[in-house]
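Residue numbers (my numbering), protein chains in the order written: chain A, 271 to 613; chain B, 271 to 613; chain C, 271 to 613; chain D, 271 to 613. Just so you know, even glycine gets a beta-carbon here, dropped at the ideal spot from N, CA and C. Given the structure is predicted, the values throughout are model-derived calculations rather than measurements. Report on the following structure.
There are 4 protein chains.
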Amino acid sequence: MAETIKVGVLGATGAVGQRFVEALAEHPWFEISALAASGRSAGRKYRDAANWRLESQMPEAAADVEVVPVDAKSIDADLVFSALPSDYAETVESGFAKAGCVVASNAGAFRTEPDVPLMIPEVNPEHLGLIDVQRDNRGWDGCIVTNPNCTTIMFTLTLKPLMQFGLEKVTIASMQAISGAGYDGIPSMAILENVVPYIGGEEEKVESEPLKLLGEFDGSEVIPAEFNVSASCHRVPVMDGHLEALWVGMRDDPTPEQVRQAFLDFDPGLSELPTEPEHPIIVRDEPDRPQPRLDRNAGNGMSVSVGRIREGIRYIVMGHNTIRGAAGASVLNAELMYKKGYL
Amino acid sequence: MAETIKVGVLGATGAVGQRFVEALAEHPWFEISALAASGRSAGRKYRDAANWRLESQMPEAAADVEVVPVDAKSIDADLVFSALPSDYAETVESGFAKAGCVVASNAGAFRTEPDVPLMIPEVNPEHLGLIDVQRDNRGWDGCIVTNPNCTTIMFTLTLKPLMQFGLEKVTIASMQAISGAGYDGIPSMAILENVVPYIGGEEEKVESEPLKLLGEFDGSEVIPAEFNVSASCHRVPVMDGHLEALWVGMRDDPTPEQVRQAFLDFDPGLSELPTEPEHPIIVRDEPDRPQPRLDRNAGNGMSVSVGRIREGIRYIVMGHNTIRGAAGASVLNAELMYKKGYL
Amino acid sequence: MAETIKVGVLGATGAVGQRFVEALAEHPWFEISALAASGRSAGRKYRDAANWRLESQMPEAAADVEVVPVDAKSIDADLVFSALPSDYAETVESGFAKAGCVVASNAGAFRTEPDVPLMIPEVNPEHLGLIDVQRDNRGWDGCIVTNPNCTTIMFTLTLKPLMQFGLEKVTIASMQAISGAGYDGIPSMAILENVVPYIGGEEEKVESEPLKLLGEFDGSEVIPAEFNVSASCHRVPVMDGHLEALWVGMRDDPTPEQVRQAFLDFDPGLSELPTEPEHPIIVRDEPDRPQPRLDRNAGNGMSVSVGRIREGIRYIVMGHNTIRGAAGASVLNAELMYKKGYL
Amino acid sequence: MAETIKVGVLGATGAVGQRFVEALAEHPWFEISALAASGRSAGRKYRDAANWRLESQMPEAAADVEVVPVDAKSIDADLVFSALPSDYAETVESGFAKAGCVVASNAGAFRTEPDVPLMIPEVNPEHLGLIDVQRDNRGWDGCIVTNPNCTTIMFTLTLKPLMQFGLEKVTIASMQAISGAGYDGIPSMAILENVVPYIGGEEEKVESEPLKLLGEFDGSEVIPAEFNVSASCHRVPVMDGHLEALWVGMRDDPTPEQVRQAFLDFDPGLSELPTEPEHPIIVRDEPDRPQPRLDRNAGNGMSVSVGRIREGIRYIVMGHNTIRGAAGASVLNAELMYKKGYL
């Protein structure tokens with residue numbers, strides 16, 4: 271692992287794109303070689319093209335990079351991170367994979383394709399085996415690996431250690447941050463001092479993605495897990511951090527204390543990955559935690575915090591939606607791929 | 271109904287007390303004869319004693335009333351509304367009932383007493399029969415009638431028309447407004463740009479009160495309804511309006527359209543009560559409604575709005591927590607009592 | 271004044287347009303005959319075309335009106351209210367005036383034209399005389415009358431009673447509500463838990479419009495008043511209500527008590543106009559008032575509240591930006607025109 | 271400077287106290303030896319006593335420290351930082367100074383004492399000379415040094431480089447964050463979706479403190495600077511970061527460009543102090559900056575950002591109120607004292 275890998279960011283100027291730049295600026299394995307964005311931004315310095323909206327300052331290393339078009343020919347990189355809109359992502363990501371690039375995508379375009387891994391490293395690292403299937407099927411030198419929707423990631427990470435009790439039924443009510451919709455996504459008049467009980471397409475993703483994530487890879491395909499998810503998704507006036515109230519029905523009917531212990535014992539063995547937090551699941555025992563404002567930055571935004579584990583089994587999950595739920599998720603996927611020799 | 275009834279408000283200066291004053295200022299049947307509050311306020315004009323915090327202007331009729339102590343001897347009224355804290359309410363409300371007053375209470379002190387009605391007029395008006403039991407038991411000339419917790423009221427009102435399908439299981443995630451905790455209840459640093467997934471004592475009330483409300487009065491006691499409620503309660507940065515995501519399991523497994531029709535058909539026959547809204551349950555068919563800011567004032571804050579009725583059965587309920595969920599609830603109870611001859 | 275005047279609303283679906291509909295729905299003199307909006311909305315019912323965002327419910331009378339294109343030929347009205355964007359307003363409003371309509375405009379297009387009145391009825395009703403000049407100049411049967419920018423209106427109304435002391439210098443820092451930018455104007459990520467110290471073009475308007483408003487009409491033109499205004503404009507996370515901190519330098523150096531008395535004594539004699547509030551300027555003596563949330567609805571949103579009158583002279587002004595500062599301002603202008611025989 | 275200095279924090283559990291702990295946890299010169307707080311907290315671990323409310327995680331080093339009473343006898347430290355309420359601070363801080371401690375205080379109790387330095391290191395480091403006067407006067411072995419009110423600090427830092435142009439008159443409108451009032455200071459119902467145009471005692475401090483700060487120390491006392499400050503202070507729904515709109519009248523009438531250059535040229539020569547930022551004043555040239563959410567963490571919260579420098583001279587100042595405006599201010603004062611040999 272002596273030399274660094276050249277990486278590009280596709281859609282580098284948007285809300286998730288900025289999180290990629292923040293995460294990669296001082297990465298020990300990856301080095302930004304290209305920041306790509308659509309027409310208007312290309313040709314300008316990143317400093318000018320990106321309307322930087324994070325509380326951290328824009329990394330100096332990125333500020334003077336000239337933004338290039340989103341085009342495999344313009345970009346010299348072994349690995350690209352995609353923060354593209356889903357409709358646009360389909361063609362573009364295929365192009366990069368065909369051109370030999372590894373694509374770690376936060377977009378939704380390929381998540382449901384049978385030969386594309388939908389992955390959370392702590393949950394289903396073995397699904398990386400799908401890459402060989404994908405290359406065979408499509409004749410690509412590169413490949414595409416995706417991470418789930420931000421809301422899915424938070425609670426699915428906590429379902430993994432509960433698999434031992436026999437998952438049967440998950441009911442989830444989400445309270446989601448505005449950054450999940452992108453910078454221009456939600457007008458202030460829509461959400462200030464309000465709750466909007468609807469997020470287009472979200473419940474469908476939240477109900478289907480966990481089944482693939484927790485499914486079994488048999489060497490050629492993923493057999494979906496068999497349990498039911500029912501979701502109600504809501505937008506709240508919070509900048510970052512999705513909070514989720516969960517009810518989890520399990521065959522073995524564990525006690526709250528057994529569930530708590532399962533979270534504490536959870537060790538995915540990924541401590542060699544640079545952005546893997548010390549505790550991917552943090553258990554909070556205070557009665558009123560986790561909270562978005564206080565817990566979203568735990569583990570540099572990569573830890574998911576759980577609390578209020580009660581009979582039912584009910585509990586609260588909270589994680590940073592644009593870090594653990596988006597850019598950080600893709601980066602962690604890429605770290606695992608690097609470690610496993612796919613780069 | 272020619273002459274008006276003299277009414278007092280106990281705890282008139284607080285957040286719910288102000289809503290009582292707002293609701294009663296121009297009431298056709300009731301006339302404010304006394305505004306009562308604790309030590310410091312007594313003796314001052316209401317204008318000076320109450321730190322008025324509503325967007326409506328303080329009613330002129332109330333502004334110059336001298337606030338009196340919370341004491342049955344100081345108050346000349348046939349009916350008192352209680353916005354007292356629960357611990358303090360127990361002794362005080364008993365005193366008024368003993369002294370011959372009808373007490374319509376928003377406090378929690380007597381809600382679980384077997385001989386005290388816990389009532390929503392559209393849901394269980396027949397429970398008023400408990401008043402005779404109460405008077406027999408306690409030797410009171412007056413009586414106490416209570417309304418439920420604000421969160422309970424919203425969704426229990428929508429459960430009533432679903433009783434016909436055989437209620438089995440209710441799962442509820444609430445997103446509650448800050449006014450529910452009173453003016454000084456929640457520090458701004460706790461809730462600005464945040465969600466707090468805990469409200470002390472709330473889930474217990476939400477899980478037990480609906481069983482009494484939907485129970486059967488057999489002439490001497492209320493036999494609780496038999497279904498299960500599981501709640502997760504959360505505070506969000508909204509001024510007024512509790513939004514609730516519900517999953518309702520029913521024996522007959524109705525379709526969303528049947529549920530919608532049951533809401534539309536619901537007619538409790540209370541149109542003679544002055545504050546009863548034309549539609550106690552409003553069905554919104556837009557994909558993103560109801561919302562606190564847009565729907566909390568429907569029916570002058572007395573209508574509950576439902577929307578997003580989906581397979582599951584899942585739906586969203588929203589209502590104004592300090593009107594339909596508190597002061598308005600007590601006033602409607604009192605109107606029913608007046609109509610039924612208890613005043 | 272026996273018969274009602276037929277009125278149209280141009281740009282009826284937007285944030286200010288909705289305020290026009292709300293204000294006109296039960297107006298004693300005016301009756302909505304046409305709701306007009308741009309391409310996509312035309313042909314649909316107002317209920318469907320307007321994404322209603324006010325806490326009041328959409329007036330039933332308007333809900334079923336079919337929206338028409340913004341075109342003088344499609345509209346049968348003696349008076350039209352314009353909530354159009356300024357760039358688009360120029361051509362459209364001229365067309366209506368030429369066609370014989372009276373145009374009461376909230377747009378900026380004609381405010382600085384020498385022969386177009388820029389008017390606040392309590393401040394400069396005599397400027398209506400410019401209409402004759404305007405008709406002579408332009409050969410129009412109709413005419414255009416404008417109201418100022420929302421920020422200008424609030425404080426200029428309070429400057430009127432201070433003219434007697436010899437205005438010399440006004441320094442103003444505004445804290446402006448998000449509704450001033452229209453429904454899609456400000457992304458939530460820009461303003462949640464934040465202040466934006468810039469509003470494009472606002473300071474220029476705030477510094478120039480008061481000079482025309484407080485200028486003298488000599489029968490043929492308005493001689494601008496001679497004093498200096500220096501403004502700093504800021505956006506804050508408030509839904510409605512612009513709050514302004516003012517320093518007013520005056521030749522006669524009045525005391526705070528003299529200023530307070532001048533506000534109390536201010537009586538523009540317009541009580542016959544239906545939407546004129548009992549007190550166009552309300553003086554609040556509490557140390558911490560006015561506040562947007564508590565005072566914006568005073569006088570049905572048509573009163574401006576002042577407070578904290580201190581040595582300096584410094585004071586705070588607050589008013590409802592989309593009522594007194596926009597739709598209500600135009601309606602009041604139209605009421606004065608009707609009263610004065612221009613309709 | 272080989273050995274570290276033992277420091278205590280008085281009032282360590284509150285909002286500013288937590289910022290002290292955050293700032294000192296990894297300080298190269300100072301080492302926390304005592305965390306002190308009032309009655310109820312004493313004897314408990316800091317982890318349990320402090321309701322940690324910062325987005326950063328509680329420093330591990332502090333979490334297990336046992337909180338001690340606020341009492342010079344209980345505390346082994348050469349230097350104490352005081353985040354005490356002003357009324358309580360007077361007696362306590364004197365006690366520590368008498369006992370030989372250096373007290374770096376954020377409290378208001380001693381700011382106006384003629385023999386106590388009120389200091390911003392970049393503004394008036396020479397005022398440290400007052401310590402000798404103070405010790406002579408009071409017979410203390412230790413001493414007290416104070417930093418100004420949070421609102422004062424931000425703009426006074428920017429006035430320093432403008433002194434060369436001859437300050438005459440400063441007009442300031444502040445938009446202040448809620449954290450300035452402490453955790454329980456402002457109820458959420460007071461400030462959500464609102465502005466409160468009043469902060470008790472604030473304007474008096476803002477108008478007087480800059481005169482002492484920019485005054486001349488003649489070896490025995492500080493001769494106040496001669497210019498006028500007029501302030502209007504407002505609370506806005508922002509967590510951290512005070513934004514201030516300034517008008518600065520100067521004898522030499524500099525151009526905006528000259529003012530900008532003066533800010534850029536400002537170099538107080540304090541780069542050896544560990545928490546001194548690279549640029550104590552950052553000039554933002556974007557039209558809409560600085561903003562609290564985007565700029566408060568610049569320079570680890572120790573830089574003040576200015577922007578919108580216009581004719582007038584008008585400009586915007588913004589800084590982190592509990593870091594640069596409170597805990598960080600005291601720490602920087604202590605660093606300067608250490609460097610100058612007072613520790």
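Please report how far the alpha carbon of residue i lies from the alpha carbon of residue j, in whole angstroms.
| i | j | result |
| --- | --- | --- |
| A/E472 | A/S326 | 29 Å |
| A/Y358 | A/V338 | 17 Å |
| C/A304 | C/S352 | 12 Å |
| B/A374 | D/G284 | 41 Å |
| A/K610 | A/A367 | 18 Å |
| C/E463 | D/N570 | 19 Å |
| D/L432 | C/Y585 | 28 Å |
| C/E527 | C/F533 | 10 Å |
| A/G376 | C/A342 | The displayed chain sequence assigns Asn, not Gly, to residue 376 of chain A. Straight-line Cα distance between these residues: approximately 50 Å. |
| C/M424 | C/N498 | 17 Å |
| C/M271 | C/D348 | Low confidence applies to C/M271: its pLDDT is 46, below 50, so where it sits in the model is not reliable, and the reading given next is rough at best. Using only the alpha carbons, I get a separation of about 15 Å. |
| A/H504 | A/Q446 | 6 Å |
| A/P494 | D/M328 | 41 Å |
Would you mind reading off the limits of the alpha helix (DSSP H) that contains residue i?
| i | result |
| --- | --- |
| B/M237 | In this structure chain B extends from 271 to 613, so residue 237 of chain B is not present and cannot be described. |
| C/S449 | Unbroken run through C/S449: none, as it is neither H nor E. |
| A/Y608 | G598 to K609 |
| B/M459 | S458 to I461 |
| A/S478 | E472 to L483 |
| A/N407 | L400 to R408 |
| D/F300 | Per DSSP, D/F300 belongs to no alpha helix (DSSP H); it is in the beta strand (DSSP E), F300 to A306. |
Using 8 Å as the limit for Cβ to Cβ distance, is residue i near chain D?
| i | result |
| --- | --- |
| C/L513 | yes |
| C/W322 | no |
| A/I593 | no |
| A/E546 | no |
So, is the C-beta of residue i closer than 8 Å to a C-beta in chain B?
| i | result |
| --- | --- |
| A/E453 | Residue 453 of chain A is actually Tyr in this sequence, not Glu. Taking Cβ atoms only, chain B never reaches closer than 8 Å to A/Y453, which makes this a no. |
| A/T441 | yes |
| C/M271 | Reliability of the predicted coordinates at C/M271 is poor, the pLDDT of 46 falling under 50, and the value obtained from them is presented with this limitation in mind. Cβ-Cβ to chain B under 8 Å: no for C/M271. |
| C/R580 | no |
| C/L483 | no |
Span of the beta strand (DSSP E) holding residue i?
| i | result |
| --- | --- |
| B/V576 | V574 to R580 |
Name the chain F residues whose beta carbon is nearer than 7 Å to that of residue i?
| i | result |
| --- | --- |
| A/L462 | Protein chains in the displayed structure are A, B, C and D, and chain F is not among them. |
Is residue i close to chain C, meaning its C-beta is less than 8 Å from at least one C-beta of that chain?
| i | result |
| --- | --- |
| D/M509 | yes |
| D/H504 | yes |
| D/V466 | yes |
| B/N570 | no |
Are any of the Cβ atoms in chain A nearer than 8 Å to that of residue i?
| i | result |
| --- | --- |
| D/R563 | yes |
Review point. Which whole runs of the alpha helix (DSSP H) in the region 524-561 of chain D are 4 residues long or more, in chain order?
Key: 526-535
- Item | Segments of 4+ residues assigned as alpha helix (DSSP H) that fall wholly inside the region 340-376 of chain C | 356-368
For the region 385-411 of chain D, enumerate the residues whose C-beta is nearer than 7 Å to any C-beta of chain B, in chain order.
none
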